[in-house]
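Written below as structure tokens is the structure these notes are about.
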Amino acid sequence: MSNVENHILKDDSKNELITDRVFVREYLDKIPLNRQLSDQENADHESKIIALLIEKNTALIAHYYTDPLLQALADKTDGCVADSLEMARFGSTTSASSLMVCGVKFMGETAKILSPDKTVLMPTLEATCSLDIGCPIETFSAYCDQHSDHKVVVYANTSAEVKARADWVVTSAIAVAVVEHLLDQGEKIIWAPDKHLGRYIQNKLGAVGDDILLWDGACIVHEEFKLKALEDMKHLYPDAAVLAHPESPLAILNAADTVGSTTQIINAAVRRPEQKFIVATDSGIFYKLQQAAPEKEFIMAPTSGEGATCRSCAQCPWMGMNTLQNLYESLLEGSNEIHVDPKLGEQAMMPLQRMLDFKLIN
Ligand code: 13P
Ligand code: SF4
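Quick note, the sequence shown lines up with residues 4 to 365 if you use my numbering.
And the structure:
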């Protein structure tokens, strides 16, 4: 797992990250499934959480993939439900003194790096991401050292250490635009860790040779979308447009009508003329899709669970660890606080700030 060679994308593309997949499966097997709460328990938790958020001057920030109950609560309390870019921006601009970030670890870390003076809590510290796991700092840094003539552009789904090693951090909302901007300046790029998004960027920008070197990481949720099954579904729903997140395999992205971040997918559903959509991303997004375009129909893109690392495909197991119960406990006890070493945070702030500034001027 810590050998650089294991993480570099080979041309034969048969290279599966076997060690990482076994690691992810073992990790997930150890985590207990959440107990379903009754409606009464949910309502009790909600009212106690609302009171604590006010008492502790805390803003609730939730990703679109979290449980709809958490998204509804973030909306109701003037918090934020967003993609990872807007979560980062909201956390750094809100006047609240504390942030409760419902999502996965890199989102909490990003919030802390951008707001070192705020207390950042999460419902659980167990919620990570297969992209983050697949990009360990030691091997990644060694790889960057071997290609010191390349600018290092990393996806937000990485550890604080990997961000600190990077020249740029990007999210899916601006990945293509930032890489295009750098290629236009004559730069060569290391892209990490998502190979599918990396291939999409290469294709979109017509990058050749070693213009863009790809790290061999993947999202275990989006990797399960399968082209053959998608084509069969398109025959069933010929009037439907396909909306896909760029962490999906390139074959899915080539078959999609819109490719974009979670927010861009929601905007496309509102803007596009079609009434039906096949959606290739985590099923948590259906809550906001239905709110944003209630008159339209949304159909989950097909996945293949066989041999997969996911517990329930099209549902991120780590996002699913955020519940009303652990959110309440964390808020009450002030537990699950995110800490980032201040020096490391300062280093990681630079590429993150570039990301926020880039969006503002483009
Ligand atoms: P977005 O930035 O599009 O919200 O994606 C984050 C993520 O983890 C997708 O799997
Ligand atoms: Fe990571 Fe995929 Fe989960 Fe997003 S959906 S947090 S990329 S594992």
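For each residue, glycine too, the CB sits at the ideal point set by N, CA and C.
Mind listing, in chain order, the continuous alpha helix (DSSP H) runs of no fewer than 4 residues lying wholly within the segment 139 to 214?
Residue ranges of uninterrupted alpha helix (DSSP H) with 4 or more members, entirely inside the segment 139 to 214 and ordered along the chain, are 140 to 149, 163 to 168, 178 to 187, 198 to 208.
DSSP on Thr80, reduced to helix/strand/coil?
Look at Thr80 here: in three-state DSSP terms it is coil, with no helix or strand label.
Going by DSSP, what residue range makes up the beta strand (DSSP E) through Met303?
Where Met303 is concerned, the enclosing beta strand (DSSP E) stretches over 300 to 303.
To the nearest angstrom, report how far apart Ala272 and Ala159 are at their CA atoms.
Annotation: Ala272 to Ala159 spans about 24 Å, alpha carbon to alpha carbon.
Roughly how many whole angstroms lie between the Cα atoms of Leu355 and Thr113?
The alpha-carbon of Leu355 is positioned some 8 Å away from that of Thr113.
Cβ of Ser87 within 6 Å of any heavy atom in the ligand 13P?
For the ligand 13P, a non-hydrogen atom lies closer than 6 Å to the CB of Ser87.
Which residues in the same chain have their Cβ closer than 7 Å to the Cβ of Ala351, if we skip the five residues on either side of it in sequence?
Counting only Cβ-Cβ distances below 7 Å, and skipping sequence neighbours, we find Ile116, Ala163, Lys166, Ala167.
Can you list, in chain order, the residues of its chain whose CB lies under 6 Å from that of Asp14, leaving out five sequence neighbours each side?
For Asp14, the predicted model reports a pLDDT of 48, less than 50, meaning its position is unreliable and no value from the coordinates is stated.
Using C-beta distances below 8 Å, list every residue in its chain close to Ser101, excluding the 5 sequence neighbours before and after it, in chain order.
Excluding sequence neighbours, Ser101 sits near Lys59, Asn60, Thr61, Ala62, Lys121, Thr122, Val123, Leu124.
State the Cα-Cα distance for the pair Pro252 and Ser175, rounded to the nearest angstrom.
In a straight line, the C-alpha of Pro252 is about 14 Å away from that of Ser175.
Would you kindly check if the distance between the Cβ of Lys51 and the Cβ of Tyr331 is under 7 Å?
A contact, by the Cβ cut-off of 7 Å.
Following a CB-centred definition, is Asn265 positioned closer than 6 Å to any heavy atom of the ligand 13P?
Correcting the residue identity first, residue 265 is Thr in this sequence and not Asn. Yes, the beta carbon of Thr265 sits closer than 6 Å to at least one heavy atom of the ligand 13P.
Alpha carbons only, please: which of Pro345, Leu327, Asp360 is nearest the one belonging to Gln43?
When each option's Cα is compared against that of Gln43, the closest is Leu327.
Using DSSP with H/G/I as helix, E/B as strand and the rest coil, what is Lys279?
Strand at Lys279.
Would you tell me roughly how many angstroms separate the C-alpha atoms of Pro345 and Trp171, rounded to the nearest one?
Straight-line Cα distance between these residues: approximately 19 Å.
Is there at least one non-hydrogen atom of the ligand 13P closer than 6 Å to the beta-carbon of Ser162?
Ser162 has its Cβ no nearer than 6 Å to any heavy atom of the ligand 13P.
Would DSSP call Leu20 helix, strand or coil?
Unreliable positioning characterises Leu20 in this predicted model, as indicated by a pLDDT of 44, which lies under 50. The coordinate reading is nonetheless provided below. Leu20: coil per DSSP, three-state reduction.
Which one of Ser118, Thr96, Thr127 has the shortest CA to CA distance from Val107?
The shortest C-alpha to C-alpha distance from Val107 to any of Ser118, Thr96, Thr127 is the one to Thr127.
Do you know how far the Cα of Asp135 is from the Cα of Ile288?
Rounded to whole angstroms, Ile288 to Asp135 spans 21 Å at the Cα level.
Please decide whether Lys59 counts as near chain D, where near means a Cβ-Cβ distance under 7 Å.
Absent here is chain D; the protein component of the structure consists of one chain.
What residues match up with Ser101 in a beta bridge as DSSP calls it?
Answer is Thr61, Thr122, bridged to Ser101.
Supposed close pair Thr261, Ala283 - CB separation, criterion 8 Å
Actually they do not touch by this definition, with Cβ atoms about 10 Å apart.
Per-residue DSSP class, three states only, for Gly111:
Shown here, Gly111 sits in a helix according to DSSP, grouped into three states.
In this structure, how does DSSP classify Gly348 when only helix, strand and coil are distinguished?
Helix.
Look at Val155 and Ala169 and say whether their C-beta atoms are less than 7 Å apart.
Yes, the Cβ-Cβ distance between Val155 and Ala169 is below 7 Å.
Could you give the residue range of the beta strand (DSSP E) that holds Val245?
Secondary structure note for Val245: its beta strand (DSSP E) is the uninterrupted segment 244 to 247.
For Glu340, three-class secondary structure by DSSP
Glu340 carries a strand assignment under DSSP once its states are collapsed to helix, strand and coil.
Based on Cα-Cα distance, which residue from Met303, Glu349, Val224 lies nearest to Trp321?
The shortest C-alpha separation from Trp321 is found at Val224.
So the candidates are Phe109, Lys279, Met236; which of them puts its Cα closest to the Cα of Leu88?
The shortest Cα separation from Leu88 among Phe109, Lys279, Met236 belongs to Phe109.
Measure the alpha-carbon distance for Cys319 versus Tyr68 and round it to whole angstroms.
Going by the C-alpha atoms only, they are around 7 Å apart.
Give the straight-line distance between the Cα atoms of Pro297 and Gln278, rounded to the nearest whole angstrom.
One C-alpha to the other measures close to 10 Å.
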